[in-house]
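Colleague: So for the sequence shown, this note's numbering puts the first residue at 35; every next one is plus one.
Provided herewith is a single structure, encoded as structure tokens, for subsequent inquiry.
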Amino acid sequence: TIQTSSGGPVALTGQAADTFFGRWNASGTYVINSSLNISSITDSTAGASLVTYTTNFADTSYAASMFCSNNGAVRAWQQMDGNALSAPSVYGTLTTSQLSGYTGNGATGLVDSQINTARAIGDLA
């Protein structure tokens, strides 16, 4: 609760907060390091993580982003879509209940990544 020094309420306008975030290690056994609104994270295949939300988003117009990193020895890339497949197929398309993240090395192959983060802002159902 935020109050003024005299004890009255503070009106916040134009504020937005994450309605979903997560950080997980997808190298070997999956470990969720921190999360909000994550029901589960599934290892679909090497380099593919499927995040299922605890509470769905109201629609697919929420703003989502992802990031990945390996131990600094290799360049990594990440992309997301709404599919639960072993390879990206619906690039950038989101669903209200899940987010798929794909990680790879400097080439085009999918590889597991040690640090994966994702977050989104949007209305929940």
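Where a beta carbon is used, it is the ideal one built from N, C-alpha and C, also for glycine.
It should be emphasised that the depicted structure is a prediction, and the values quoted were computed from it without experimental measurement.
Which value, in whole angstroms, describes the spacing of the CA atoms of Y87 and L46?
Modeller: Numbered from its first residue, the sequence shown carries residue 87 at position 53. Numbered from its first residue, the sequence shown carries residue 46 at position 12. Cα to Cα, Y87 sits roughly 27 Å from L46.
Colleague: Under three-state DSSP, which class holds Y15?
Modeller: Examination of residue 15 is not possible in this model, given that the chain is present from 35 through 159 alone.
Colleague: Would you report the Cα separation of N90 and P43, rounded to the nearest angstrom?
Modeller: Counted from its first residue, the sequence shown places residue 90 at position 56. Counted from its first residue, the sequence shown places residue 43 at position 9. Rounded to whole angstroms, N90 to P43 spans 31 Å at the Cα level.
Colleague: Check whether the Cβ atoms of A51 and S99 lie closer than 8 Å to each other.
Modeller: Here residue 51 corresponds to residue number 17 of the sequence shown, with the count starting at 1. Here residue 99 corresponds to residue number 65 of the sequence shown, with the count starting at 1. The Cβ atoms of A51 and S99 do not sit closer than 8 Å to each other.
Colleague: In angstroms with no decimal places, state the Cα-to-Cα distance between Y136 and L158.
Modeller: Here residue 136 refers to the residue found at position 102 when the sequence shown is read from its first residue. Here residue 158 refers to the residue found at position 124 when the sequence shown is read from its first residue. Whole-angstrom Cα-Cα distance: 24 Å.
Colleague: Under 8 Å by Cβ, that's how I've got I72 and Y64 pegged, so tell me the actual separation to the nearest angstrom.
Modeller: Locating residue 72 in the sequence shown gives position 38, where the first residue counts as 1. Locating residue 64 in the sequence shown gives position 30, where the first residue counts as 1. Not really, about 11 Å apart at Cβ, beyond 8 Å.
Colleague: Sort M114, N150, G62 by Cα distance to T129 and report the nearest one.
Modeller: The residue you call residue 129 lines up with position 95 of the sequence shown. Cα-wise, what sits closest to T129 is M114.
Colleague: List, from N- to C-terminal side, the beta strand (DSSP E) runs of 3 residues or more that fit wholly inside the segment 39-78.
Modeller: 54-59, 65-70
Colleague: If I follow the unbroken beta strand (DSSP E) through A82, where does it start and stop?
Modeller: Taking the first residue of the sequence shown as position 1, residue 82 is located at position 48. Note, A82: beta strand (DSSP E), 82-87.
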